[in-house]
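Q:
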Amino acid sequence: MKSLVRVFLSIFIISFGLMGVAAWLNSSQGYSGGNTLTVYNWGDYIDPELLERFQKETGITVIYQTFDSNEAMLTKIEQGGTSFDVAVPSEYALAKMKQEHLLLPLDHSKLPNLKHVDSHYLNLSFDPNNQYSVPYFWGTVGIVFNPELTKGIDFHSWDGLWDPKLRNNLLLVDGAREIMGMSLNSLHYSLNDTNEAHLQQALTKLEKLAPNVKAVVGDEIKMLLANEEAAAGVVWSGDASEIMDENDKLDYIVPDEGSNLWFDNIVIPKTATHVDAAHKFINFMMQPDVAAQNAEFVGYSTPNKDAKKLLPKDISGDERFYPPSDITDKLEVYDNLGKRMLAHYNELFLQFKMHLK
Amino acid sequence: MVNKNRFGNIYLVIVFLVLYAPILYLMYYSFNSGGTMHEFEGFTLQYYKEVFADTRLIIIVINTLVIALLSSALATIIGIMGALAIHQMQNRRVKNTLLSLNNVLIVNPDVIIGASFLILFTMVGIKLGFYSVLLSHIAFSVPIAVIMILPRLQEMSPSLVDAARDLGASRLDVLTKVILPFIKPGIYAGFFMALTYSLDDFAVTFFVTGSGYSTLSVEIYSRARQGVSLSINALSTLIFLFTVLLVVGYYFIMRKANRNGKKEPAAEMGVPR
Numbered sequence: 001m002k003s004l005v006r007v008f009l010s011i012f013i014i015s016f017g018l019m020g021v022a023a024w025l026n027s028s029q030g031y032s033g034g035n036t037l038t039v040y041n042w043g044d045y046i047d048p049e050l051l052e053r054f055q056k057e058t059g060i061t062v063i064y065q066t067f068d069s070n071e072a073m074l075t076k077i078e079q080g081g082t083s084f085d086v087a088v089p090s091e092y093a094l095a096k097m098k099q100e101h102l103l104l105p106l107d108h109s110k111l112p113n114l115k116h117v118d119s120h121y122l123n124l125s126f127d128p129n130n131q132y133s134v135p136y137f138w139g140t141v142g143i144v145f146n147p148e149l150t151k152g153i154d155f156h157s158w159d160g161l162w163d164p165k166l167r168n169n170l171l172l173v174d175g176a177r178e179i180m181g182m183s184l185n186s187l188h189y190s191l192n193d194t195n196e197a198h199l200q201q202a203l204t205k206l207e208k209l210a211p212n213v214k215a216v217v218g219d220e221i222k223m224l225l226a227n228e229e230a231a232a233g234v235v236w237s238g239d240a241s242e243i244m245d246e247n248d249k250l251d252y253i254v255p256d257e258g259s260n261l262w263f264d265n266i267v268i269p270k271t272a273t274h275v276d277a278a279h280k281f282i283n284f285m286m287q288p289d290v291a292a293q294n295a296e297f298v299g300y301s302t303p304n305k306d307a308k309k310l311l312p313k314d315i316s317g318d319e320r321f322y323p324p325s326d327i328t329d330k331l332e333v334y335d336n337l338g339k340r341m342l343a344h345y346n347e348l349f350l351q352f353k354m355h356l357k
Numbered sequence: 001m002v003n004k005n006r007f008g009n010i011y012l013v014i015v016f017l018v019l020y021a022p023i024l025y026l027m028y029y030s031f032n033s034g035g036t037m038h039e040f041e042g043f044t045l046q047y048y049k050e051v052f053a054d055t056r057l058i059i060i061v062i063n064t065l066v067i068a069l070l071s072s073a074l075a076t077i078i079g080i081m082g083a084l085a086i087h088q089m090q091n092r093r094v095k096n097t098l099l100s101l102n103n104v105l106i107v108n109p110d111v112i113i114g115a116s117f118l119i120l121f122t123m124v125g126i127k128l129g130f131y132s133v134l135l136s137h138i139a140f141s142v143p144i145a146v147i148m149i150l151p152r153l154q155e156m157s158p159s160l161v162d163a164a165r166d167l168g169a170s171r172l173d174v175l176t177k178v179i180l181p182f183i184k185p186g187i188y189a190g191f192f193m194a195l196t197y198s199l200d201d202f203a204v205t206f207f208v209t210g211s212g213y214s215t216l217s218v219e220i221y222s223r224a225r226q227g228v229s230l231s232i233n234a235l236s237t238l239i240f241l242f243t244v245l246l247v248v249g250y251y252f253i254m255r256k257a258n259r260n261g262k263k264e265p266a267a268e269m270g271v272p273r
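Line by line, the protein sequences are chains A and B.
End of the first sequence sits at 357 in the numbering used here; the numbers just go up one at a time, nothing left out.
End of the second sequence sits at 273 in the numbering used here; the numbers just go up one at a time, nothing left out.
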């Protein structure tokens, strides 16, 4: 009995000691003061030096928290319980948050740096007049391929994927909008098309792709492509840059027919308690030198035109990630097609997947 | 006989290789200056420096340890009471029902526990953070503690308690001088099981963290979106070595205690018989 009591007492003492150390570390970082800002962002999606710089310049301490999917972030914000001052959803999640009234409108007078953002990326269909959001990073959907293994195939058109030489050598991301959209694009339709005949045409075309498809996979597509388990894959440009970091033999291309343009956006959730600091943070992130440093660290494409000028030539001149205007003009943002149409897309995609062996 | 033994040994070696190879692989590359887990370029301690320089990461490690220690200690205390209550139960039916309910909680998927806690906490209005994580960890550790302690109680001969009572021990004396010392190995086993459960729990913690409060499993998971940096390898190496130290230390303490004449049956490594 005595030894039991002793053991448990020492456990409690150790725990409280550790808590004290944590509290001391927290306060030495200034986390416990009232002047704080809670940022909810994707994992590894910001240069940590910038957070320190923001802290030095404004005296506001940043509490930084991360999530790994839009859905996880949505659940946390919907449930309340914690107050996030800034969050970074992708555009479809943003549309959903808007619908459910989870966002505070931005005060544009507090965001003078908005002028640095390329007008191409403002006032888009998912957030007219940027009432609730400013773009953080953007990217495309395209093809990662291994030039050695795909000699003679021209990926400047989506039709390159249908080349019989690619038999059982193609990986696809598991996204109904992405794959249906790619098929629609290859037929020169909009990837927001809701015309039933066009959709059926897209499905028929997809079914012809089946012999080439090795697998439809999730996040592990990055690892599989980097390890050369397949000659080509349809992925997001962000993933593509990671894959090419791992394996520099691979290349990425956005086909000429057009493709999807996706955005991650900074917003202020309704639960925010430090709205003023949140505006300061958003404005800070749009400062050209800050956005440039961040883009260099994260490796995604920045929507900030003045930041792009500050980037080294080999980044900003990379047409794979900053495509020339004849391609960007053809890029489309996903519209919110409504629940029923979305279900229909999913159903068609499922039909295609069942077609695979 | 000899042949059989050799085969057994080979089998054992293979099993240990399978178990430890990934850990060793991970440790090996934590010293890689190349920055990836593909090719080993040269030796560096850079990632260890990064770990110690990253205050946020250290706070997260401390959080994880505090949650694990506190929640498993409290859960064990609650578990002792629970096990005693279930053991004392006269009605067989009720006893079995309680035991089954306890077991259901153990096999219940973590995700469901986590989601239910999230709903509960937000309904009741508990702010997500330290207390929500602590409470949910205690909750999923209690059934584990109960199930580790109960077998020891059942092993105990009832005549032991009767004898103590006959010799004039009060109820409290029986509890503190007879029952608790006897079930001590079970208590430690429960505590350590709860500790490991709490340390590596991701699913439940994921749902109930908030306001800048995070534990290691959640942090590593969200970092993995961009590929795991080698500083995570370095941190994992440190934690692995730390646990090895703990186990070795525990082993020596137990051996010393045994040699001092206090015989503690099956107490080594805290495994219940």
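C-beta: ideal position from N, C-alpha, C; glycine also.
Only a predicted model underlies this, so the values are computations on that prediction, with no experimental measurement involved.
According to the neighbour-count rule (16 or more other Cβ atoms, all chains shown, within 10 Å of its Cβ), is GLN65 (chain A) buried or exposed?
A: Per the 10 Å Cβ criterion, buried.
Q: Quick one: measure Cβ to Cβ for ASN146 (chain A) and ALA72 (chain A), integer angstroms, because I've assumed they're closer than 8 Å.
A: About 33 Å; that fails the 8 Å criterion.
Q: Taking 8 Å as the threshold (C-beta atoms), are GLY152 (chain A) and PRO255 (chain A) in contact?
A: Their beta carbons are not under 8 Å apart, which means PRO255 (chain A) does not touch GLY152 (chain A) by this criterion.
Q: Within a Cβ cutoff of 7 Å, which residues of the same chain sit near MET81 (chain B), ignoring the five residues on either side of it in sequence?
A: Excluding residues within five positions, none has a Cβ falling inside 7 Å.
Q: Ordered along the chain, which non-local residues of its own chain (more than five positions away) have a Cβ less than 8 Å from that of ALA73 (chain B)?
A: So the qualifying residues of the chain are PHE191.
Q: By alpha-carbon positions, which one of A:MET285, A:TRP262, A:LYS308 and A:ALA292 ends up nearest to ASN336 (chain A)?
A: Answer by Cα proximity: A:TRP262.
Q: Spatial neighbours of MET27 (chain B) within its chain, please: C-beta separation below 6 Å, excluding the five flanking residues on both sides.
A: Cβ within range, chain order: THR237.
Q: Please determine, among B:ILE119, B:ALA145 and B:ILE253, the residue with the shortest C-alpha to C-alpha distance to LEU84 (chain B).
A: Checking every option, the nearest Cα to that of LEU84 (chain B) belongs to B:ALA145.
Q: Does the ligand NAD have a heavy atom nearer than 7 Å to the CB of ALA278 (chain A)?
A: By its list of ligands, the structure shown contains no ligand whatsoever, and the ligand NAD lies outside what it can speak to.
Q: Taking 6 Å as the limit between beta carbons, can you name the residues of its chain near GLY270 (chain B), skipping five residues before and five after?
A: At GLY270 (chain B) the pLDDT is 45, less than 50, meaning the model places this residue with poor confidence; the figure from the coordinates comes in the next sentence. Answer for GLY270 (chain B): TYR188, ALA189 and PHE192, listed in chain order.
Q: Between VAL178 (chain B) and ALA194 (chain B), is the Cβ-Cβ spacing less than 8 Å?
A: Taking 8 Å as the Cβ cut-off, VAL178 (chain B) and ALA194 (chain B) do not qualify as a contacting pair.
Q: Applying a beta-carbon distance threshold of less than 9 Å, which residues of chain B neighbour PHE321 (chain A)?
A: Going along chain B, no residue has its Cβ under 9 Å from PHE321 (chain A), so there is no contact; the nearest lies around 16 Å.
Q: Using CA coordinates, which residue listed in B:TYR131, B:THR64 and B:GLY42 is at the minimum distance from ILE239 (chain B)?
A: That would be B:THR64, whose Cα lies nearest to the Cα of ILE239 (chain B).
Q: So which of A:LEU199, A:MET223 and A:GLU229 has the shortest CA-CA distance to VAL213 (chain A)?
A: Ranking A:LEU199, A:MET223 and A:GLU229 by Cα distance to VAL213 (chain A) puts A:GLU229 first.
Q: Under 8 Å between C-beta atoms, does ALA73 (chain B) make it to chain A?
A: By this cut-off, ALA73 (chain B) is an interface position.
Q: For ASN9 (chain B), collect the residues of the same chain with a Cβ closer than 8 Å to its Cβ; drop the 5 residues on either side in sequence, then sort them by chain order.
A: Cβ neighbours of ASN9 (chain B) beyond the five flanking positions: none.
Q: State the beta-bridge partners of THR140 (chain A) as determined by DSSP.
A: In DSSP, THR140 (chain A) forms a bridge with A:LEU261.
Q: Just to confirm the assignment: which complete alpha helix (DSSP H) runs, minimum length 4, are found wholly within the segment 186-239 of chain B?
A: If we require 4 residues or more, the alpha helix (DSSP H) runs fully inside the segment 186-239 of chain B come out as 203-208 and 216-223.
Q: Grouping DSSP H, G and I as helix and E and B as strand, with all else coil, what is GLY270 (chain B)?
A: Note that GLY270 (chain B) scores a pLDDT of 45, beneath 50, so its modelled location is shaky; the value from the coordinates is reported in the next line. Of the three classes helix, strand and coil, the one that applies to GLY270 (chain B) here is helix, per DSSP.
Q: Could you pull the DSSP bridge partners for PHE67 (chain A) from this structure?
A: For PHE67 (chain A), which the question treats as bridged, DSSP gives the partners A:TRP42.
Q: Classify ALA343 (chain A): buried if its beta carbon has 16 or more other beta carbons within 10 angstroms, exposed otherwise.
A: Counting Cβ neighbours within 10 Å, ALA343 (chain A) comes out exposed, since fewer than 16 surround it.
Q: Can the beta-carbon of SER30 (chain B) be found closer than 8 Å to that of GLY42 (chain B)?
A: Going by C-beta atoms, SER30 (chain B) is not nearer than 8 Å to GLY42 (chain B).
Q: Report all residues from its chain with a CB closer than 7 Å to the CB of SER157 (chain A); omit the five preceding and five following residues, and keep chain order.
A: PRO255, ASP256 and GLU257.
Q: Output the distance between the C-alpha atoms of GLY338 (chain A) and SER190 (chain A), rounded to the nearest integer angstrom.
A: Answer to the nearest angstrom: the Cα atoms are 16 Å apart.
Q: Which residues bound the beta strand (DSSP E) around ILE253 (chain A)?
A: It spans 251-253 - the beta strand (DSSP E) in which ILE253 (chain A) sits, taken as one unbroken run.
Q: Could you tell me which uninterrupted alpha helix (DSSP H) segments, each at least 4 residues in length, are contained entirely in the segment 139-189 of chain A, listed from first to last along the chain?
A: Listed in chain order, they are 176-186.
Q: In chain B, what lies closer than 8 Å to GLY218 (chain A) by C-beta?
A: In chain order: nothing, as chain B lies at least about 12 Å away.
Q: Just checking: is the beta-carbon of LEU171 (chain A) within a distance shorter than 8 Å of some beta-carbon in chain B?
A: Taking Cβ atoms only, chain B never reaches closer than 8 Å to LEU171 (chain A), which makes this a no.
Q: In angstroms, rounded to a whole number, what distance separates the CA positions of ALA169 (chain B) and ARG6 (chain A)?
A: Distance between the alpha carbons of ALA169 (chain B) and ARG6 (chain A) is about 23 Å.
Q: Suppose you measure from the CA of SER69 (chain A) to the CA of ALA210 (chain A); what does that come to, to the nearest Å?
A: Near 29 Å, if we compare the C-alpha coordinates of ALA210 (chain A) and SER69 (chain A).
Q: Could you give the distance in angstroms between the alpha-carbon of ILE282 (chain A) and the alpha-carbon of ASP110 (chain B)?
A: Using only the alpha carbons, I get a separation of about 36 Å.
Q: Once DSSP output is grouped into helix, strand and coil, what is the label at LEU294 (chain A)?
A: Contrary to the premise, residue 294 (chain A) reads as Asn rather than Leu in this sequence. In the structure shown, ASN294 (chain A) sits in a helix (DSSP, three-state: H, G or I).
Q: Is it a yes or a no for the segment 84-95 of chain B touching the segment 127-136 of chain B, going by three-plus beta-carbon pairs under 8 Å?
A: Output reads no: the segment 127-136 of chain B does not touch the segment 84-95 of chain B.
Q: Which term fits MET180 (chain A), buried or exposed, when burial requires 16 or more other beta carbons within 10 angstroms of its beta carbon?
A: Label assigned to MET180 (chain A): buried.
Q: Extract the residue ranges of the alpha helix (DSSP H) inside the segment 48-130 of chain A, only unbroken runs of 4 or more that lie entirely within it.
A: You should have 48-58, 70-79 and 91-99.
Q: Counting contacts by CB-CB distance shorter than 8 Å, is VAL13 (chain B) in contact with chain A?
A: Chain A contact via Cβ: absent.
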